[in-house]
Amino acid sequence: MSKELTSRETDYSQWYNDLVIKGELADYSAVRGCMVIKPYGYALWENMRDQLDKMFKATGHVNAYFPLFVPKSLFEAEEKNAEGFAKECAVVTHYRLKNDPNNKGKLIVDPEAKLEEELVIRPTSEAIIWNTYKGWIQSYRDLPILVNQWANVVRWEMRTRLFLRTAEFLWQEGHTAHATKEEAIEETTKMLDVYADFVEKYMAVPVIKGVKTANERFAGAEDTYCIEALMQDGKALQAGTSHFLGQNFAKAFDVQFLNKENKQEYVWATSWGVSTRLIGALIMAHSDDQGLIMPPRIAPLQVVIVPIYKGPESKPVIDEKVAVLMKELKQLGVSVKYDDSDNARPGWKFAEYELKGVPVRVALGMRDIENNVVELARRDTKEKKSVSMDGLAVYIQQLLEEIQENIFNRALSFRNENIREANSWDEFIEILDTKAGFVSAHWDGTPETEEKIKEQTKATIRCIPLDNKQEAGVCILTGNPSTQRVLFARAY
RNA sequence: CGGGAUGUAGCGUAGCCCGGUUAUCGCGCCUGGUUUGGGACCAGGAGGUCGCAAGUUCGAAUCUUGCCAUCCCGACCA
312 MSKELTSRET DYSQWYNDLV IKGELADYSA VRGCMVIKPY GYALWENMRD
362 QLDKMFKATG HVNAYFPLFV PKSLFEAEEK NAEGFAKECA VVTHYRLKND
412 PNNKGKLIVD PEAKLEEELV IRPTSEAIIW NTYKGWIQSY RDLPILVNQW
462 ANVVRWEMRT RLFLRTAEFL WQEGHTAHAT KEEAIEETTK MLDVYADFVE
512 KYMAVPVIKG VKTANERFAG AEDTYCIEAL MQDGKALQAG TSHFLGQNFA
562 KAFDVQFLNK ENKQEYVWAT SWGVSTRLIG ALIMAHSDDQ GLIMPPRIAP
612 LQVVIVPIYK GPESKPVIDE KVAVLMKELK QLGVSVKYDD SDNARPGWKF
662 AEYELKGVPV RVALGMRDIE NNVVELARRD TKEKKSVSMD GLAVYIQQLL
712 EEIQENIFNR ALSFRNENIR EANSWDEFIE ILDTKAGFVS AHWDGTPETE
762 EKIKEQTKAT IRCIPLDNKQ EAGVCILTGN PSTQRVLFAR AY
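Residue numbers (our numbering): 312 to 803.
Structure (structure tokens):
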């Protein structure tokens with residue numbers, strides 16, 4: 312396979328596609344808009360999933376599973392939610408195929424097998440879950456319900472991109488039910504914090520926590536909180552959302568509970584999710600023209616060892632040294648692969664593992680063994696150096712942490728350098744067109760102004776940062792008074 | 001979904017306008033050998049419903065229509 316990558320400068324979109332496909336994370340499939348997640352990409356997702364799952368459980372959540380299909384009557388119950396998703400729903404109308412009498416060997420949908428009620432393939436699961444919760448909740452003693460599910464969902468997108476927007480994708484969706492508004496809001500922000508912690512500490516991608524404007528809010532939510540990340544091309548990417556749903560779903564599905572005072576009240580809800588889209592964020596935040604750069608804490612493979620041998624007699628000597636190192640690394644919980652395959656030479660392997668973003672590469676040959684060293688190469692800086700074999704496993708373990716920190720700091724500097732204040736419309740346009748990134752600017756707070764800015768510049772309000780300072784100013788478009796700046800960007 | 005482009009072996013491609021024996025080349029793959037410190041070399045070999053389907057024709061990779069997929073631009077995107 313040709314492994315040449317398009318450079319970021321030449322064609323950023325193509326660079327991204329090349330990384331996904333040549334890095335063997337995923338591939339196109341026979342199904343429109345749907346991708347095959349390959350073993351290397353899936354291993355990455357598993358690591359992300361496992362860590363998030365631990366964090367959800369540590370905050371008191373449990374996992375469950377709800378059906379893929381949602382009867383249309385349930386789907387339409389919460390009007391805003393239904394309306395928001397209606398345009399992108401796949402719908403099951405029949406339950407049987409039959410042989411085509413006019414075309415031997417072919418099948419047709421059996422017209423006699425039409426469903427009484429269509430089944431919507433979940434684009435999100437609020438409807439089926441709240442219909443279920445109705446049966447679970449009678450009293451305040453049944454609350455809170457803190458349930459998460461790992462699932463696939465389908466959204467029939469017009470235009471898809473590997474990981475960033477696919478018709479089917481994997482995600483988790485937490486759906487919680489609470490006795491009070493305060494508790495539900497606390498849950499919403501708590502899970503936003505969990506997401507931010509995960510994305511920053513494990514994926515090494517810095518994020519801005521904020522709240523969405525009404526225009527950008529989840530259909531059916533009272534408030535949508537989000538974490539926003541910045542990609543290397545200066546476009547923003549929504550990396551996760553946590554919604555305060557108020558009593559909208561409780562009212563739509565008539566979920567009430569008896570409080571301590573023996574009065575019926577509607578339940579307060581939240582939902583929150585992150586998806587395989589995070590993999591797109593990971594790729595675009597860290598990778599370079601040589602390929603992927605995996606953050607060590609979630610890398611499918613942390614260390615690869617490449618032997619360099621001359622003649623058949625040196626190989627067993629190298630094998631022996633490698634076996635010791637591998638054992639020590641595994642004891643420290645470091646994932647490691649010894650690539651002693653004979654069908655590629657060292658140079659080819661170096662390039663291949665750089666493409667795949669393996670954080671640390673160890674190379675050793677007889678020359679090293681004589682000197683009791685190995686050649687250690689780190690993917691993030693491409694720095695190579697000779698390191699003593701004594702205490703090597705511990706050294707590598709520490710190096711992995713250093714790499715993790717380094718790529719986070721690198722992404723953080725980039726992000727911080729690309730948040731700029733605009734105090735006039737001209738300034739705003741100029742930053743968007745010449746520098747991209749986040750633009751911090753005053754906005755008069757109306758959906759109409761937000762919409763006009765979007766029409767004219769394609770920039771949207773990514774969020775109102777949670778820690779936003781209040782300051783008097785004037786809206787960059789209308790000149791009307793404003794109390795705070797909001798973050799604009801062009802986004803994925 | 002609208003406009004544009006593309007689809008030939010695992011990957012990248014020539015041939016298509018102007019229909020005509022056995023579909024071109026490179027990489028990769030297989031076998032043997034020599035090699036191995038940044039994408040090795042020699043020799044031999046395998047691999048193709050020319051995206052899918054229909055049509056025109058004595059004859060289609062080549063012409064026509066429909067469909068599918070991918071890319072770019074737009075619309076859409078909680």
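Every residue gets a Cβ at the ideal spot worked out from N, C-alpha and C, and that includes glycine.
The continuous beta strand (DSSP E) containing Ser553 extends over residues Ala547 to Gly557. Shown here, Thr789 sits in coil according to DSSP, grouped into three states, outside any helix or strand. With contacts defined as CB atoms closer than 8 Å, Tyr351 and Leu336 qualify as a contacting pair. Taking a C-beta distance under 8 Å as the contact criterion, Asn559 and Glu741 do not qualify as a contact pair. Residue range Lys492 to Lys512 is occupied by the alpha helix (DSSP H) that includes Tyr506. Here Met469 is exposed: its Cβ has fewer than 16 other Cβ atoms, across all protein chains shown, within 10 Å. Rounded to the nearest angstrom, the Cβ distance from Asn463 to Leu385 is 19 Å, too far for a contact under 8 Å. With a beta-carbon spacing of about 4 Å, Ile432 and Ala401 fall inside the 8 Å limit used to define contacts. The three-state secondary structure of Arg726, taken from DSSP, is helix.
When C-beta atoms of the stretch 704 to 715 are compared with those of the stretch 633 to 648, three or more pairs fall below 8 Å, so the two segments count as touching.
Taking His372 as reference, the option from Glu498, Ile348, Val381 and Asn358 with the minimal CA-CA separation is Glu498.
Of the residues assessed, His753 falls on the buried side of the cut-off, its CB having 16 or more other CB atoms within 10 angstroms. Nearest to Asp599 by C-alpha distance, out of Glu762, Arg690, Arg773 and Gln460, is Arg690. Rounded to whole angstroms, the Cβ separation of Glu539 and Val518 is 6 Å, and the two are in contact under 8 Å. Per DSSP, reduced to three states, the secondary structure at His372 is coil, with no helix or strand assignment. Taking each of Val505, Ala655 and Val403 in turn and checking the Cα distance to Met366, the smallest one comes out for Val505. Judged by DSSP secondary structure, Asn442 falls within the alpha helix (DSSP H) whose first and last residues are Glu437 to Trp447. Residue state for Lys693 is assigned as coil, using DSSP reduced to three classes. For Glu533, the CB contacts under 6 Å within the same chain, skipping 5 residues up- and downstream, are Phe555 and Gly557 in chain order.
If you ignore the 5 residues before and after Val566, its C-beta comes within less than 8 Å of the C-beta of Trp441, Tyr444, Lys445, Ile448, Ala488, Phe560, Tyr577 and Val578, all in its own chain and listed in chain order. Taking C-beta atoms under 8 Å as the contact rule, Leu798 and Ile772 qualify, at a distance of about 7 Å. Between the stretch 631 to 640 and the stretch 652 to 660, the count of C-beta pairs closer than 8 Å stays below three; the two stretches do not touch. By the Cβ criterion, the stretch 536 to 552 is not in contact with the stretch 399 to 415, since fewer than three pairs of Cβ atoms, one from each stretch, lie closer than 8 Å. In this chain, the alpha helix (DSSP H) harbouring Asp329 covers Tyr323 to Lys333. By the CB criterion at 8 Å, Tyr536 and Ile609 fall outside the cutoff. Put simply, the backbone Cα of Glu686 is about 58 Å away from that of Leu430.
According to the DSSP assignment, Ala592 belongs to the alpha helix (DSSP H) that extends over Arg588 to His597. Asn358 and Gln613 have their alpha carbons spaced roughly 12 Å apart. Looking only at Lys695, Thr524 and Asn717, the smallest Cα-Cα distance to Glu759 is reached by Thr524.
Shortest Cα-Cα distance from Tyr353 to any of Gly334, Ala341 and Arg343 involves Gly334.
Within the same chain, and ignoring the five residues on either side of Ile594 in sequence, the residues whose Cβ sits closer than 6 Å to its Cβ are Leu330. Of the candidates Val617, Tyr664, Arg678 and Met677, the residue whose Cα lies closest to the Cα of Asp653 is Val617.
Pairing Leu316 with Leu603, the inter-Cα distance amounts to about 11 Å.
In the three-state reduction of the DSSP assignment, Met346 falls in the strand class. As a beta-bridge residue in DSSP terms, Glu686 pairs with Ala674 and Ser697.
As for any beta strand (DSSP E) of minimum length 3 sitting wholly inside the stretch 627 to 662, the runs are 647 to 649, ordered along the chain.
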